[in-house]
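Note sheet for the following structure.
Number of protein chains: 6
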Amino acid sequence: MPALMPSRTNGRADLDLRALSLEPGFSKHAEGSCLIRCGDTQVLCTASVEDRVPPHVYGTGAGWVTAEYGMLPRSTHERMAREAAKGKQGGRTLEIQRLIGRALRAAVDLRALGPRTITVDCDVLQADGGTRTAAITGGFVALALAVKALKASRKISTAPVKRHVAAVSVGILDGAVRLDLDYGEDSTAEVDMNVVATGEGELVEVQGTAEGKAFRRDQLDQMIDAALAGIARLKEAQARALEVRG
Amino acid sequence: MPALMPSRTNGRADLDLRALSLEPGFSKHAEGSCLIRCGDTQVLCTASVEDRVPPHVYGTGAGWVTAEYGMLPRSTHERMAREAAKGKQGGRTLEIQRLIGRALRAAVDLRALGPRTITVDCDVLQADGGTRTAAITGGFVALALAVKALKASRKISTAPVKRHVAAVSVGILDGAVRLDLDYGEDSTAEVDMNVVATGEGELVEVQGTAEGKAFRRDQLDQMIDAALAGIARLKEAQARALEVRG
Amino acid sequence: MPALMPSRTNGRADLDLRALSLEPGFSKHAEGSCLIRCGDTQVLCTASVEDRVPPHVYGTGAGWVTAEYGMLPRSTHERMAREAAKGKQGGRTLEIQRLIGRALRAAVDLRALGPRTITVDCDVLQADGGTRTAAITGGFVALALAVKALKASRKISTAPVKRHVAAVSVGILDGAVRLDLDYGEDSTAEVDMNVVATGEGELVEVQGTAEGKAFRRDQLDQMIDAALAGIARLKEAQARALEVRG
Amino acid sequence: MPALMPSRTNGRADLDLRALSLEPGFSKHAEGSCLIRCGDTQVLCTASVEDRVPPHVYGTGAGWVTAEYGMLPRSTHERMAREAAKGKQGGRTLEIQRLIGRALRAAVDLRALGPRTITVDCDVLQADGGTRTAAITGGFVALALAVKALKASRKISTAPVKRHVAAVSVGILDGAVRLDLDYGEDSTAEVDMNVVATGEGELVEVQGTAEGKAFRRDQLDQMIDAALAGIARLKEAQARALEVRG
Amino acid sequence: MPALMPSRTNGRADLDLRALSLEPGFSKHAEGSCLIRCGDTQVLCTASVEDRVPPHVYGTGAGWVTAEYGMLPRSTHERMAREAAKGKQGGRTLEIQRLIGRALRAAVDLRALGPRTITVDCDVLQADGGTRTAAITGGFVALALAVKALKASRKISTAPVKRHVAAVSVGILDGAVRLDLDYGEDSTAEVDMNVVATGEGELVEVQGTAEGKAFRRDQLDQMIDAALAGIARLKEAQARALEVRG
Amino acid sequence: MPALMPSRTNGRADLDLRALSLEPGFSKHAEGSCLIRCGDTQVLCTASVEDRVPPHVYGTGAGWVTAEYGMLPRSTHERMAREAAKGKQGGRTLEIQRLIGRALRAAVDLRALGPRTITVDCDVLQADGGTRTAAITGGFVALALAVKALKASRKISTAPVKRHVAAVSVGILDGAVRLDLDYGEDSTAEVDMNVVATGEGELVEVQGTAEGKAFRRDQLDQMIDAALAGIARLKEAQARALEVRG
């Protein structure tokens, strides 16, 4: 049946990204913010600067970047219970926010940031697949804006953002490699991979998971190729968004 | 000094509402939704319908309407800790969501709703005072849309929404009664009151609190008058939003 | 049917208070204490003084007054689960203790109290309606006794208790305004209102809720009148209890 | 030095119990209740009957007896944090309520009780040492009254209370065995032991703990003797209280 | 039927201990460690030294010894839910670790230990009755090794271990006193007692519980005799293990 | 400096595994068990079979395989707080046990397993790097033994274990790819990757993370090569362990 369909939903080719929009400065209060839309996925990213650091960096002069992730209860097809009401964050949430935090730290020179913490909150207003990668791509913009504001206020002199970091998902469906899966694709994919890379195309994080059946070495190679090509385009969109706002 | 100021921030007169916008159908997944903006306060309200009821209504044939409330961590001036991360909802959150739930139930004939629960999630994207009253006014629209969809799909025959319900804050600052306080006003008000009323001007909930000094009986009367006048205007805006969407 | 009944349970007229007893100094350990009985409702109020303040007052020289509220598991008709065993305080508990705290702070000059915290614990030994208003009326006595002890030990010079604060419930049943509802009345009332006021008859807090149907403006007025008359009588009882103990 | 003191506080001899009072039927709502006072220790015990049993007895036809224990925050010299607010019951609380439950089950024929659970809540209104043993002695009275009510209402035919159960503490201070320690004695005792026994003088539970130094075999013997003598007197007081109420 | 059996499982006589093995130095990281096996019960005990003390000893110059206890989920016949996943330690766990801590503190001169805390973790790898007493007996060896290491590194001069402490269970089955119960015996015993004593035969803790029927004074005496005899043999095994490792 | 060292600690070459031992049947109670040792890392894996399934598989006829992971408090260099005492499992724990569960499910035909759940508990007795990959390799053996027991007892007819699954870590240190990192290597590696693969060399999961600096595409390729070679050797060890036990 998939063979009969000329292409993916919305006429996308296998290696196309979804329609992307980055709206920097969405939030009135945050030091940096960006509303990212990848197809129907919408994530509000805000970067908050605080003049304190967690214990493991305390006294080193360096700063810290961390992330938190949440989904609004009805961001999804079926309403999910609110994590605040359940009294704890689930394993998926914790895993995702650890990933976002690691990815964003790869963009930053923590020493140049100085003794302050930037918390990037990524809240999913609407979910249609790829929320964690959208959070990284949009979170980078929020983070970069917050750092720009610190620099403008002369609190830091050296620019601590060393490089762009962006992320995309890629998977195998019916044997074919497809980029930037939406929810319908993600839930039927045989392999699901999230790739985080720098603006220069170096890898920061690779997380690939087979659902039910394993994948071959050459399939891994194809997925990495597709993801790196997608990330290069995301980096350009980030750069444009930051120029507008700068 | 206040006497010398011609008016409130943004040139509002004492009994003016803030700029109001209701965006029905904001969410792709929810059965009913509305993004409400009152000045810089933005609350995303979604209404989710589920075919089950809580224990205390089970077996009666009636349905239930409940509400949940949350603030994004950086919806406020200073970033707040995420309640999901803290592992519990604070007293303020619980108090507000109980208020919203009671207010919205006053709009609905639970018997006509039939054995289903509508959960109205009110998530504050940006806070600038009056988030709980905005949640009620916008939550009513989301609720009415969800009920309209139930009716359209012939799951219910009688219309369970009996009346409009809307809410506004009112307070006393420097001795003067002011309507629809923003954050700056709210945090310096001597008395802060939230009023919930029906489209016909009957009272559903009155919650007035003196901060530091008590208030006189005649001041209570003036505040109620101001609030009821504001709610009449909010009701009209709700009606227009529902027409557009209907 | 209610028309045939000459009066309320126990022969009370609509605007009568229940039998009231205040037993100051009930507790051996607390700096101030009072066991209040309103009809069959019994609340043990203790005031504990500690030489530290919460973060938001720290360093200002001022003190703080806060309240906690709890119900013994079998204070009610049916045994309730113990909140300590459930691992969290419910929304109703948090809402009530926030109300009690705000009400008692209205009685006190926090600056004159100096850098110390008074915690008023209100534990319901037996519940028959009106536990939160009884907690405020009895909690005031416990608080005033604790302050008196501080003054007697010369830890403070100015008297920080500025005014009496007391509270009562009022409601509408079968269209008639009734004062100081017991549990049976409270659970069938159409409107339920709690009023907190000063000894001089000024309002501190007004919380009125319609259950199912809304109420008219003139009904609000009648309820406030009835409540203020009741609070005047409660204030006299507080004064007598404090004299005895003084 | 102790040798020079003619006796203990209040003129008690080493093997005297404190002044004891049992007030059955203290609570309006509970099926059985008793306020027990041992010196300045006051524990309110209520017995609640519910027609359901825990999973491990379900389907056996037998019933269950369980206990819960709590202290009001200011029942003690210094105010303790409320366990409900801390979000969990401490180890001491859990240990004590397990002890009370085991002790009370030794008094009851669970098969004759039938498929119902009796929960005995023991809430300490004021603490001055020996709260867990007072809870057992007073809890037995509450339990027996609840069972009597079940029998009176013909819900059970055989009397499930097989025997009296009561408890007392005993310790070694300055080398001397002393019965029924108050808080001051308890906190300086070298050995602290709680003994639960039946009305016939058989042992149900023995819990002895050396604080800092170990105790000899013959000291154990003396403590057991003293405790059994005290329990015989407590049993008589229980019987009198039950007669009055019967 | 038991009368026909010549002896207990494995041919043990009533007052025999189970096969015992103490493996000191099991763990690579801990300052002191011991894997204890009593029959099929296996408990891994590690002693960790930290240069800080809990608040109640802070500033006194003395140190502290505390214990924690856990069971691996499948250490038991049926898999138990993991306490970390349930979000809290049960009452049994807390009760046991309080017992182990008290018992081990009886072995140590906390003043000679100096301002440091030794935490003895007792984790049950396999359970077959008597885990808490095995934890005490094995925990003592871990503790003594950690102290020996402190002394060897000249961090302390006086030896803070004053005496051996060991523990054993004893019970009554079919009217006969039996020592060191395995799980099958423990779950059918009429009386179950845990005794902790010093190497010199003085008592540190006695905890005896009747299951269903009470026990006589002379039965208590027999159980204490049996337990003390067993503890004398456990003490010798501890001494041998410490010599080997010394 | 590393260039001057002829090899890794213990004389390992860059692509050598650590000394490996698999001890099947370690546990008396579990349906399947295996103690795995990789160098100084020791993980006790037990597989428990229960005749019930989680909600999302209920009614499908299929079974489920899940994993839980824990570390003993002193399995590490410094003692860690016990997760059961902290009241929740950390993000790292949840992330690891989700990984182990996914990996083991890739080995099993859940339909052939029938409506039962196998829970594989992986408890780290001693940690020296690579605990999650050891848990997968050893957990597979425990799982296979539990399934073998099910088959032997004729509860299932088809063998649900379809293929071997094993895992190993690989990283880049000083620019060189190294296999099976110990703790010292892991904590200084520039890139850290965990690879899970089948006995046939197909990939199940790839998780690579750059610490501080990104990695090149060709480095990814080398790491995958090394890991797959290691996993082939681990598969042989698993097969030998299962033969012995079979």
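Chains as they are written, first to last, in this note's numbering: chain A, 817 to 1062; chain B, 817 to 1062; chain C, 817 to 1062; chain D, 817 to 1062; chain E, 817 to 1062; chain F, 817 to 1062. The beta carbon of each residue, even a glycine, is placed where N, CA and C say it ideally should be.
Go ahead and pull the three-state DSSP assignment for residue i.
i	result
Asp1008 of chain D	strand
Met896 of chain E	coil
Thr974 of chain C	coil
Arg921 of chain D	helix
Ala878 of chain F	coil
Ala829 of chain B	coil
Ala943 of chain C	coil
Phe956 of chain E	helix
Gly1000 of chain C	helix
Consider the Cβ of residue i: report whether some Cβ of chain C lies at a distance smaller than 9 Å.
i	result
Val936 of chain B	no
Gly886 of chain D	yes
Leu1058 of chain B	no
His893 of chain D	yes
Ala901 of chain D	yes
Based on the DSSP secondary-structure assignment, which residues constitute the bridge partners of residue i?
i	result
Leu929 of chain E	DSSP lists no partner for Leu929 of chain E.
Tyr885 of chain C	C:Cys938
Phe1031 of chain F	A:Leu1019
Val869 of chain E	Bridge partners of Val869 of chain E: none, in fact.
Ser849 of chain E	E:Thr862
Thr1025 of chain B	B:Asp1008, C:Glu1021
Ser837 of chain D	D:Arg853
Leu995 of chain E	E:Val986
Val981 of chain F	F:Thr1014
Output yes if chain A places a C-beta closer than 9 Å to the C-beta of residue i; else output no.
i	result
Gln905 of chain B	yes
Gln1066 of chain B	With chain B running from 817 to 1062 in the structure shown, residue 1066 of chain B is simply not present.
Asp998 of chain F	no
Asp990 of chain F	no
Glu911 of chain F	yes
Taking CB distances under 9 Å as the criterion, tell me whether residue i reaches chain E.
i	result
Pro818 of chain F	With a pLDDT of only 44 at Pro818 of chain F, under the threshold of 50, the placement of this residue in the model should not be trusted, and no figure is reported.
Ala983 of chain D	no
Arg914 of chain F	no
Pro889 of chain F	yes
May I ask you to check if the CB of residue i is nearer than 8 Å to at least one heavy atom of the ligand NAP?
i	result
Glu894 of chain E	This structure does not include the ligand NAP; it has no bound ligands of any sort.
Does any C-beta atom of chain D lie closer than 9 Å to the C-beta of residue i?
i	result
Leu836 of chain C	no
Arg1049 of chain E	no
State the Cα-Cα distance for the pair residue i and residue j, rounded to the nearest angstrom.
i	j	result
Thr1025 of chain C	Ala1048 of chain B	19 Å
Leu961 of chain A	Lys904 of chain F	35 Å
Gly827 of chain B	Asp856 of chain B	15 Å
Quick one, which residues of the stretch 1016–1033 of chain B are near chain C if we go by CB-CB under 9 Å, in chain order? Glu1016, Gly1017, Glu1018, Leu1019, Val1020, Glu1021, Val1022, Gln1023, Gly1024, Thr1025, Ala1026, Glu1027, Gly1028, Lys1029, Ala1030, Phe1031, Arg1032, Arg1033
In the stretch 946–976 of chain B, which residues sit with their C-beta less than 7 Å from some C-beta in chain A, listed in chain order? none
Taking a cut of 8 Å between CB atoms, which residues from the stretch 844–870 of chain C lie near chain D? Lys844, His845, Ala846, Ser849, Asp856, Leu860, Thr862, Ser864, Glu866
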